[in-house]
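A.B. asks: This is the structure I have questions about; it appears just below.
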Amino acid sequence: MPYAEISATISLFYTDDGAGDPPLLLVHGWGADSHQWSWHIDALAARHRVLAVDLRGHGYSSVPETGNTPQAMAEDLNTLLARLEVPEVVAVGHSMGGQVASILAVEHPGRVRALVTLDPGYGMGQDLAAGFPGMIAGLRGEHPHAVAEEIDRWCTTSATPAVIRRWHKRRLYGMPPHVLAEAFEAMFTGPGAIGVRPASDEYLARRSCPVLSIWADPGRAAWEAGLLKNPGSKVVCWEGSGHRLHEERPAEFVRVLEGWLRAR
4 MPYAEISATI
14 SLFYTDDGAG
24 DPPLLLVHGW
34 GADSHQWSWH
44 IDALAARHRV
54 LAVDLRGHGY
64 SSVPETGNTP
74 QAMAEDLNTL
84 LARLEVPEVV
94 AVGHSMGGQV
104 ASILAVEHPG
114 RVRALVTLDP
124 GYGMGQDLAA
134 GFPGMIAGLR
144 GEHPHAVAEE
154 IDRWCTTSAT
164 PAVIRRWHKR
174 RLYGMPPHVL
184 AEAFEAMFTG
194 PGAIGVRPAS
204 DEYLARRSCP
214 VLSIWADPGR
224 AAWEAGLLKN
234 PGSKVVCWEG
244 SGHRLHEERP
254 AEFVRVLEGW
264 LRAR
């Protein structure tokens with residue numbers, strides 16, 4: 004399995020499967036890694052070149068003491084694609100990965116042919132955001148993994164398969180605590196964070212590529228539909244699904260993604 008040297012201090016682990024066009028770049032969520040795409044890679048690689056990456060601070064990639072932010076992660080991905088001589092991709096991001104992929108699309112628009120976000124980590128309302136400082140303090144406290152597990156409870160429903168619950172719990176407890184805290188803070192409360200409205204509105208409106216966005220929450224789905232300007236964009240809502248809806252419904256996700264790509 005290959006590694007790419009991004010800088011003197013950052014090396015990213017990634018896998019590279021398939022050979023079809025357009026190439027897909029799969030970007031995992033907070034506290035996870037590229038194994039999150041194990042439910043999808045084989046099906047997607049039948050038609051596409053599929054790159055699945057561990058973001059900095061996660062999985063087998065380097066763990067810097069600082070700089071574990073969505074902005075830095077997006078720049079890492081841009082460098083990775085340049086190293087691999089991949090001019091443009093369809094970037095597919097879940098949760099924090101949806102934020103990272105969106106930043107890549109805004110800051111490097113020539114690199115992202117189209118964007119797919121899955122219950123993305125942006126568009127949070129002020130009522131929910133009021134709890135974020137306490138969560139961040141907990142992640143920096145004595146029991147960061149227990150706090151991360153508690154935060155993770157909202158990601159599931161009673162219908163979420165036990166294997167998905169177990170996999171993510173194990174991965175969270177394997178995460179460096181400072182990465183969990185720094186990445187969460189950078190998503191929602193830190194300088195330049197785009198996870199909370201109205202910062203989300205202002206930044207995401209800058210995306211010019213077609214966007215397919217799949218949500219579990221109809222309210223946030225309707226909100227994002229109002230931001231999308233490219234006529235090829237589409238918003239889908241799987242109401243009642245958990246946050247990791249693409250893991251709960253992998254075959255349906257692949258069908259929706261492939262159908263959208265063919266229709267463009």
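Residue 4 is where the sequence shown starts when you use the working numbering, and the numbers rise one by one after that. Idealized CB from N, CA, C, for every residue including glycine. Since this is a predicted model, take the numbers as computed values, not measurements.
Use the C-beta contact count for ARG59: other C-beta atoms within 10 angstroms, 16 or more gives buried, fewer gives exposed.
C.D. replies: Locating residue 59 in the sequence shown gives position 56, counting from the first residue. Buried, by the Cβ-count rule.
A.B. asks: Hey, could you find the ends of the alpha helix (DSSP H) LEU260 is sitting in?
C.D. replies: The residue labelled residue 260 in the question sits at position 257 within the sequence shown. Segment 253-266, the alpha helix (DSSP H) holding LEU260.
A.B. asks: Is there at least one Cβ from chain B nearer than 7 angstroms to PHE256's Cβ?
C.D. replies: Annotation note: the requested chain B is absent from the structure, which comprises a single protein chain.
A.B. asks: If we count the other Cβ atoms within 10 Å of its Cβ and call it buried at 16 or more, is GLY100 buried or exposed?
C.D. replies: The sequence position of residue 100 within the sequence shown is 97, counting from 1. Buried, since its Cβ has 16 or more Cβ neighbours within 10 Å.
A.B. asks: Whose CA, out of VAL166, GLU68, PRO25, TRP33, lies closest to the CA of LEU260?
C.D. replies: Taking the first residue of the sequence shown as position 1, residue 260 is located at position 257. Among VAL166, GLU68, PRO25, TRP33, the Cα nearest to that of LEU260 belongs to PRO25.
A.B. asks: Who are the near neighbours of GLN39 in its chain, counting only those whose CB is closer than 6 angstroms to its CB and skipping five residues on each side?
C.D. replies: Position 36 of the sequence shown, counted from the first residue, corresponds to residue 39. Once the five neighbours on either side are set aside, the close Cβ partners of GLN39 are HIS31.
A.B. asks: Which whole runs of the beta strand (DSSP E) in the segment 205-243 are 3 residues long or more, in chain order?
C.D. replies: 214-218, 237-240, all fully within the segment 205-243.
A.B. asks: Using 8 angstroms as the cut-off, can you tell me whether the segment 165-181 makes contact with the segment 228-241, which would need three or more C-beta pairs spanning the two stretches below that distance?
C.D. replies: As far as the Cβ criterion goes, the segment 165-181 does not touch the segment 228-241, which means the pair count is below three.
A.B. asks: For the segment 196-208 against the segment 173-181, are there 3 or more C-beta pairs whose distance is under 8 angstroms?
C.D. replies: No: fewer than three Cβ pairs fall under 8 angstroms.
A.B. asks: Which residues share a DSSP beta bridge with GLU8?
C.D. replies: As a first step, residue 8 is located in the sequence shown; it is residue number 5 there, counting from the start. DSSP lists SER14 as partners of GLU8.
A.B. asks: Decide if GLN129 is buried, meaning its Cβ has at least 16 other Cβ atoms within 10 Å, or exposed.
C.D. replies: As a first step, residue 129 is located in the sequence shown; it is residue number 126 there, counting from the start. Label assigned to GLN129: exposed.
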